[in-house]
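To start, the structure under review is shown below, and the notes come after it.
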Amino acid sequence: MEGILSCALGLAYFMTSYMPPEQNQFLHASVPLRIFLALLAGGRLFYMRNSRSKAGRTMLLVLVYDGIGGVAVGISIRNFTGRV
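Printed below as a string of structure tokens:
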């Protein structure tokens with residue numbers, strides 16, 4: 001499932017890559033959403049009974065992938081608000 005979601009997100013970035021980053025609404029909107037998803041995954045991971053299970057590893061993957069990705073995109077476009 002993680003592979004499908006990662007592929008879908010990468011494909012969405014690829015399909016909107018013809019626009020300059022300053023005008024790309026998808027890029028701007030994805031920053032706060034990815035950071036929020038990383039925070040949700042981190043909270044879920046914190047409250048899990050067995051964080052070393054497969055579900056715990058999945059939450060850790062979401063936390064790292066979306067957290068680093070959201071912050072990296074936000075830094076590169078210098079905007080964390082989600083608006084162009």
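Each residue of the sequence shown is one higher than the one before, counting from 1 in the numbering used here.
Don't be surprised by glycine CBs; every beta carbon is placed ideally from N, CA and C.
The model shown is predicted, which means the values in this text are computed figures rather than measured ones.
Select from the options the residue whose C-alpha is nearest the C-alpha of residue i.
| i | options | result |
| --- | --- | --- |
| residue 72 | 4, 5 and 34 | 34 |
| residue 37 | 79, 68 and 24 | 68 |
Keeping to the same chain, check which residues put their C-beta closer than 8 Å to that of residue i; ignore five residues upstream and five downstream.
| i | result |
| --- | --- |
| residue 49 | none |
| residue 21 | 27, 76 and 77 |
| residue 5 | none |
Ignore the nearest five residues each way along the sequence and tell me which others in residue i's own chain have a CB closer than 7 Å to its CB.
| i | result |
| --- | --- |
| residue 29 | 82 |
| residue 63 | 38, 41, 42 and 45 |
| residue 56 | 45, 48 and 50 |
Taking the beta carbon of residue i as the centre, do at least 16 other beta carbons fall within 10 Å, making it buried, or is it exposed?
| i | result |
| --- | --- |
| residue 3 | exposed |
| residue 74 | buried |
| residue 15 | exposed |
| residue 70 | buried |
| residue 59 | buried |
**Asked** Below 8 Å, can you find three or more Cβ-Cβ pairs linking the stretch 17–32 to the stretch 74–81?
**Response** yes
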